[in-house]
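S.K.: Residue numbers (full-length UniProt numbering), protein chains in the order written: chain L, 1 to 289; chain H, 1 to 274. The beta-carbon is built from N, C-alpha and C at its ideal position, and this holds for glycine as well. Note that this is a predicted model, so its numbers are computed, not measured. Sharing a structure, written as structure tokens. Questions coming.
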Amino acid sequence: MATRQTQSLARLMRAPAIILLLVWMLVPLAMTLYYSFLNYNLLSPGQTSWAGFFNYQYFYTDPAFFESIKNTIILVLGVLTITVVGGIAIAMLIDKPIFGQGIVRILVISPFFVMPPVAALIWKNMIMHPSYGVFADIAKFFGANPVDWFAQYPLFSIIVIVAWQWLPFATLILLTALQSLDGEQMEAAEMDGAPAYSRFIYLTLPHMARAITVVILIQTIFLLGVYAEILVTTNGGPGFASTNLTFLIYRAARLNFDIGGAAAGGIIAVVLANFVAFFLMRAVGKNLD
Amino acid sequence: MARAVSKNAKIGYTIAAWTVALVIFFPILYTIITSLKTEQEAIEGFNLIPSFTFESYQTVQSQNDYFKPFMNSVILSVGSTILALIVAIPAAWAMAFSPTKRTKDILMWMLSTKMMPAVAVLVPIYLIFLRTGLMDTRIGLTVLLMLINLPIVVWMLYTYFREIPGEILEAARMDGAGLREEIVHILAPMAVPGIASTLLLNVILAWNESFWTIQLTTTNAAPLSAFIASFSSPQGLFWAKLSAASTLAIGPILILGWFSQKQLVRGLTFGAVK
Chain L
1 MATRQTQSLA RLMRAPAIIL LLVWMLVPLA MTLYYSFLNY NLLSPGQTSW AGFFNYQYFY
61 TDPAFFESIK NTIILVLGVL TITVVGGIAI AMLIDKPIFG QGIVRILVIS PFFVMPPVAA
121 LIWKNMIMHP SYGVFADIAK FFGANPVDWF AQYPLFSIIV IVAWQWLPFA TLILLTALQS
181 LDGEQMEAAE MDGAPAYSRF IYLTLPHMAR AITVVILIQT IFLLGVYAEI LVTTNGGPGF
241 ASTNLTFLIY RAARLNFDIG GAAAGGIIAV VLANFVAFFL MRAVGKNLD
Chain H
1 MARAVSKNAK IGYTIAAWTV ALVIFFPILY TIITSLKTEQ EAIEGFNLIP SFTFESYQTV
61 QSQNDYFKPF MNSVILSVGS TILALIVAIP AAWAMAFSPT KRTKDILMWM LSTKMMPAVA
121 VLVPIYLIFL RTGLMDTRIG LTVLLMLINL PIVVWMLYTY FREIPGEILE AARMDGAGLR
181 EEIVHILAPM AVPGIASTLL LNVILAWNES FWTIQLTTTN AAPLSAFIAS FSSPQGLFWA
241 KLSAASTLAI GPILILGWFS QKQLVRGLTF GAVK
């Protein structure tokens with residue numbers, strides 16, 4: 001059916017999107033790579049010079065770098081654990097016959113649509129504030145001392161906020177997978193007297209395996225870039241206690257005006273993200289045909 | 001599938017599910033409630049019944065010119081999505097209806113551009129915006145947001161277009177339909193739902209984008225995400241006001257979001273979970 005004419009038309013239709021994305025991908029990345037080899041600070045213009053691998057070396061030997069990598073990993077793993085385990089549990093609960101299922105779904109999915117700065121501000125002021133937050137009110141009610149969450153457990157507090165934002169996503173994806181589970185098989189297992197936990201382990205979990213993988217991989221991509229939640233709540237502190245790699249690079253570029261250093265950090269972030277992306281692409285690619 | 005469930009079990013599940021749902025929704029609910037309180041009430045301790053005053057909403061508008069960032073959010077999210085659609089519809093169309101051997105590779109490559117961490121290109125984008133005068137302009141940010149969402153737009157459209165049966169076209173051609181009729185009477189009506197879904201999800205994503213909007217705007221082009229982030233320090237303790245601004249910022253998108261649950265699964269998993 002495809003004549004030569006329709007083929008060249010198709011090529012013409014594809015071209016703008018491909019060219020735009022190609023430029024968008026290559027030009028800034030090439031610039032980042034170039035800057036990462038320069039001594040370049042916006043505060044001292046005219047003193048730009050070739051730095052070789054100094055920026056990488058500098059970034060690599062900075063104790064803040066290791067702390068930020070550690071924080072990035074804790075943040076990603078912490079949020080993933082909460083959202084995947086919580087997501088499975090909530091999805092299974094919502095999938096049960098309940099009254100008002102539609103409304104329950106809407107309530108559960110809602111946090112996903114709250115923009116990160118708003119989510120962070122709500123939690124910081126309304127929920128976790130040491131004197132006026134709901135948690136403090138609860139502590140006072142039981143006669144306990146309120147906790148100053150962002151000062152004492154900064155990274156944990158950010159994990160809670162980000163997990164709240166992503167729990168709906170995990171729940172929704174897992175619920176979608178759960179709803180395609182073969183009911184008859186489950187019934188047969190039930191009639192044969194298979195207890196609930198083994199039905200879960202041998203039927204439900206394997207069926208959801210693919211969805212769980214997708215949730216983990218997609219969330220990881222987004223979680224590596226957590227930024228606004230940190231900016232609004234702890235600003236990376238105290239010290240570097242809640243600084244992740246994204247925030248460290250932002251600090252270098254925007255607060256220290258260290259273009260070379262920030263670019264080197266950016267390249268490190270690309271390497272890290274590519275590592276994750278490799279697995280995601282394989283999982284998605286399998287489903288293309 | 002009607003599995004027999006005793007009434008008691010159903011009531012038990014219902015109570016459990018509603019409890020979980022209300023706990024998850026509570027921060028949003030409490031923000032809405034607080035926005036209807038006076039500043040004094042807002043810090044007086046836990047209280048679910050506000051005095052239903054709209055004072056804070058008026059304050060937000062009169063003190064901060066709330067309308068401006070709100071309009072910026074609308075312009076940026078809708079503008080960038082429409083731009084993306086203009087580029088993506090022909091591309092997705094061509095890939096769905098005249099696929100070549102490389103179509104799959106191209107799609108995978110497009111998806112891979114989405115994996116690039118934003119912070120990795122912060123330095124060049126920031127410098128480009130600074131030097132070309134695009135800093136704090138709506139046009140610069142619109143184009144940037146368009147590029148960020150373009151891969152998802154192409155992908156979503158592609159998965160929708162692929163569901164349009166190609167045979168229907170052939171049948172129309174046999175009946176002597178020209179290209180114009182083909183597009184107007186057959187393809188457009190079948191493609192519209194997919195395009196609408198894509199539009200909806202991408203407006204939501206662009207509305208909530210917070211990294212670039214904070215980096216590249218100050219006052220003129222700042223959408224709600226950047227505007228609210230700047231609330232964090234000075235207005236920290238004016239909670240009724242903060243809640244009012246937050247409620248207005250998330251309200252429209254929350255309602256849009258409720259209608260887009262299905263598209264969300266499809267759009268964000270690139271068709272990997274159905």
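#1: Using the DSSP secondary-structure output, state which residues sit across from Leu169 of chain H in a beta bridge.
#2: Identify the contact partners of Gln179 of chain L in chain H, using a Cβ-Cβ distance below 8 Å as the criterion.
#3: What are the residues of the region 179-204 of chain L that lie near chain H, defined by any Cβ-Cβ distance shorter than 9 Å?
#4: Once the 5 residues before and after Ile221 of chain L are set aside, which same chain residues still bring their CB inside 8 Å of it?
#5: Assuming His207 of chain L is part of the alpha helix (DSSP H), what are its boundary residues?
#6: Using a Cβ-Cβ distance under 9 Å, would Ser80 of chain H count as near chain L?
#7: Indicate whether at least one CB of chain L lies closer than 9 Å to the CB of Val154 of chain H.
#8: Rounding to the nearest angstrom, what Cα-Cα distance links Met186 of chain L and Leu75 of chain L in this structure?
#9: What are the boundary residues of the alpha helix (DSSP H) that includes Pro238 of chain L?
#10: Which residue from H:Asn72, H:Glu209 and H:Gln215 puts its Cα closest to that of Val123 of chain H?
#11: Quick one: what does DSSP say Ser49 of chain L is sitting in, helix, strand or coil?
#12: In whole angstroms, what separates the C-alpha of Ile94 of chain L from that of Ser230 of chain H?
#13: Using a C-beta to C-beta distance shorter than 8 Å, which residues of chain L count as neighbours of Tyr13 of chain H?
#14: Might you give, ordered along the chain, the residues of its own chain that have their beta carbon closer than 7 Å to the beta carbon of Leu20 of chain L, omitting 5 neighbours on each side?
#15: Tell me which residues share the same chain as Thr14 of chain H and place their Cβ nearer than 6 Å to its Cβ, disregarding the 5 neighbours each side in the sequence.
#16: Looking only at its chain, what residues have a beta carbon closer than 7 Å to the beta carbon of Gly225 of chain L, apart from the 5 residues adjacent to it on each side?
#17: Return the CA-CA distance between Ile18 of chain L and Ile125 of chain H, expressed in angstroms with no decimal places.
#18: In three-state DSSP terms, what is Met1 of chain H?
#19: By DSSP's criteria, Asn39 of chain L is part of a beta bridge. Which residues make up the other side?
#20: Measure the alpha-carbon distance for Ala2 of chain H versus Ala9 of chain H and round it to whole angstroms.
#21: With 9 Å as the threshold, decide whether the Cβ of Met1 of chain H is near any Cβ in chain L.
#22: Decide if the region 31-44 of chain H is in contact with the region 244-255 of chain H; the criterion is three or more beta carbon pairs, one per stretch, under 8 Å apart.
#23: Establish whether the CB of Leu77 of chain L and some CB of chain H are separated by less than 9 Å.
#24: By the three-class DSSP mapping on this structure, what secondary structure does Asp258 of chain L have?
M.R.: Here's the rundown:
#1: Note: Leu169 of chain H sits in no beta bridge, so no partner.
#2: Neighbours of Gln179 of chain L on chain H: none; closest Cβ ~10 Å, over 8 Å.
#3: Ser180, Gly183, Glu184, Met186, Glu187 and Glu190
#4: Ala273, Val276, Ala277 and Leu280
#5: Leu205 to Leu223
#6: no
#7: yes
#8: 36 Å
#9: No alpha helix (DSSP H) contains Pro238 of chain L, which DSSP labels as neither H nor E.
#10: H:Gln215
#11: strand
#12: 37 Å
#13: Leu93, Lys96, Pro97 and Ile98
#14: none
#15: none
#16: Thr246
#17: 20 Å
#18: Legend: pLDDT at Met1 of chain H = 42, less than 50; position of this residue unreliable, no value from coordinates given.
#19: L:Ser49
#20: Note that Ala2 of chain H scores 44 on pLDDT, short of 50, meaning its location in the model is unreliable; the coordinates nonetheless yield the value given after this. Approximately 15 Å, taken between the alpha carbons.
#21: A caution first: Met1 of chain H carries a pLDDT of 42, below 50, which makes its placement in the model unreliable, though a value can still be read off. Yes, Met1 of chain H counts as interfacial toward chain L.
#22: yes
#23: no
#24: strand
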